[in-house]
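There are 2 protein chains.
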Amino acid sequence: MDTQEKLAELVASLKKEGTRITPQRYAVIAFLLSTDSHPSAEEIYTGLLPQYPTLSLATVYKTLHLLKSEQEVLELEFSEMGNRYDGRKPWPHPHAICTRCRKIIDPPMLDTAAIIEEVSKETGFVITNHRLDFFGLCAECQKG
Amino acid sequence: MDTQEKLAELVASLKKEGTRITPQRYAVIAFLLSTDSHPSAEEIYTGLLPQYPTLSLATVYKTLHLLKSEQEVLELEFSEMGNRYDGRKPWPHPHAICTRCRKIIDPPMLDTAAIIEEVSKETGFVITNHRLDFFGLCAECQKG
DNA sequence: ATTTTCTTAATAATCGTTATCATATATAAT
DNA sequence: ATTATATATGATAACGATTATTAAGAAAAT
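Those protein sequences? They're chains A and B, same order as listed.
If you're matching positions, the first sequence starts at 2 in our numbering and goes up one per residue.
If you're matching positions, the second sequence starts at 2 in our numbering and goes up one per residue.
Written out as structure tokens, the structure is:
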């Protein structure tokens with residue numbers, strides 16, 4: 002399924018639940034589905050500002066919350082570098098994060114299900130969410 | 002090695018590097034080594050206040066930074082629930098976090114080295130740090 | 001003892017995020 | 001198409017955890 006299809010589907014599903022699709026919301030959603038870069042709220046805001054000069058950062062945050070409540074965006078909380086958002090893979094998955102250029106990429110899937118099963122057995126927890134972050138230097142930043 | 006030994010050793014090592022061991026610093030370090038509860042800065046502060054009524058929260062933060070720079074405390078950043086600190090196992094390791102009572106426990110070691118090796122190969126990153134968090138309900142909170 | 005250097009306590013500043021609220025607008029009903 | 005009205009927007013204030021600032025205090029060096 003390509004980006005356009007995903008966009009249409011997501012918008013339709015939101016509409017069905019009674020959510021109004023404003024130009025601002027549409028723009029934020031389209032932006033999120035257009036990139037693998039895990040943008041921050043600020044980056045979404047400044048990225049859209051040229052085309053939506055009256056857009057408010059508050060609206061970006063509100064749209065992100067809306068999508069989060071519908072499980073349509075993954076929020077990665079970082080206290081140092083601010084939160085980042087993934088609209089393409091809005092489910093928990095591992096990330097590799099470059100501490101120099103702050104690039105975030107998705108490593109090919111590890112067997113997270115097996116790991117979670119093990120932790121669950123060892124701790125007695127019912128695991129409902131996870132966060133697997135690997136910090137280091139990306140290939141490009143190793144050269145510089 | 003018990004807590005008292007660890008405390009003496011850590012204090013000696015800090016002293017050797019020219020760090021002054023003030024009563025406040027000693028108290029924060031002793032508090033951190035006395036618990037597996039992964040306390041917040043605020044909890045350390047309020048925990049010590051009865052015995053150190055003039056203690057400042059800023060001093061707690063500064064001491065935590067000092068220990069972090071010496072790799073003697075592990076800082077777990079959470080933007081929602083605030084940062085938590087682990088002075089007993091100050092190296093990266095997995096955590097199981099109860100989303101209801103906010104308890105944090107250490108699951109018996111997974112083979113994190115193998116996982117990191119795999120991520121490193123797949124991404125080309127040099128991995129220098131990691132954060133493996135598993136969120137859910139602890140055994141007690143499943144009952145309530 | 002005096003000087004220098006480091007540390008503390010109190011509090012102001014910071015910054016990403018959230019809340020507030022008057023105005024604007026998407027949608028449904030007419 | 002117009003209108004009604006519930007909801008969303010934009011501007012900005014408030015928030016809260018952390019960090020910075022700075023005058024006063026304590027430890028070490030001379």
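Where a beta carbon is used, it is the ideal one built from N, C-alpha and C, also for glycine.
Note that the structure is a prediction, hence the values are computed from the model and not measured.
Along the chain, where does the alpha helix (DSSP H) that runs through residue i open and close?
{"i": "glutamate 43 of chain B", "result": "42–49"}
{"i": "valine 61 of chain B", "result": "58–70"}
{"i": "valine 29 of chain B", "result": "24–34"}
{"i": "glutamate 10 of chain A", "result": "4–17"}
{"i": "glutamate 141 of chain A", "result": "140–144"}
Strictly below 7 Å CB to CB, what residues from chain B border residue i?
{"i": "proline 109 of chain A", "result": "Glu123"}
{"i": "isoleucine 116 of chain A", "result": "Leu111"}
Interface residues of chain B around residue i at Cβ under 9 Å?
{"i": "cysteine 139 of chain A", "result": "Thr124, Gly125, Phe126, Val127"}
{"i": "glutamine 143 of chain A", "result": "Gly125, Phe126, Val127"}
List, in chain order, every chain A residue whose beta-carbon is nearer than 9 Å to that of residue i.
{"i": "isoleucine 106 of chain B", "result": "Thr124, Phe126"}
{"i": "aspartate 134 of chain B", "result": "Asn130, His131, Arg132, Leu133, Asp134"}
{"i": "serine 80 of chain B", "result": "Glu78, Phe79, Ser80, Gly83, Asn84"}
So that I know if they touch, is there some Cβ in chain A lying closer than 9 Å to that of residue i?
{"i": "proline 40 of chain B", "result": "no"}
{"i": "cysteine 102 of chain B", "result": "no"}
Could you confirm whether any beta carbon from chain B is found closer than 9 Å to the beta carbon of residue i?
{"i": "valine 74 of chain A", "result": "no"}
{"i": "glutamine 25 of chain A", "result": "no"}
{"i": "threonine 47 of chain A", "result": "no"}
Strictly below 8 Å CB to CB, what residues from chain B border residue i?
{"i": "proline 95 of chain A", "result": "Val120"}
Just to confirm before moving on: does the CB-CB distance between residue i and residue j stay below 9 Å?
{"i": "glutamine 52 of chain A", "j": "alanine 13 of chain A", "result": "no"}
{"i": "cysteine 99 of chain A", "j": "glycine 137 of chain A", "result": "yes"}
{"i": "leucine 50 of chain A", "j": "proline 95 of chain A", "result": "no"}
{"i": "proline 108 of chain A", "j": "valine 120 of chain B", "result": "yes"}
{"i": "isoleucine 106 of chain B", "j": "leucine 68 of chain B", "result": "no"}
{"i": "proline 24 of chain A", "j": "tyrosine 86 of chain A", "result": "no"}
{"i": "leucine 15 of chain B", "j": "glutamate 78 of chain B", "result": "no"}
{"i": "leucine 33 of chain B", "j": "isoleucine 45 of chain B", "result": "yes"}
{"i": "leucine 75 of chain A", "j": "tryptophan 92 of chain A", "result": "yes"}
{"i": "glutamate 6 of chain A", "j": "glutamate 71 of chain A", "result": "no"}
Where do the ends of the beta strand (DSSP E) carrying residue i lie?
{"i": "glutamate 76 of chain A", "result": "75–77"}
Which ranges does the alpha helix (DSSP H) cover as unbroken runs of at least 4 residues, wholly within the stretch 85–126 of chain B, from first to last along the chain?
113–124
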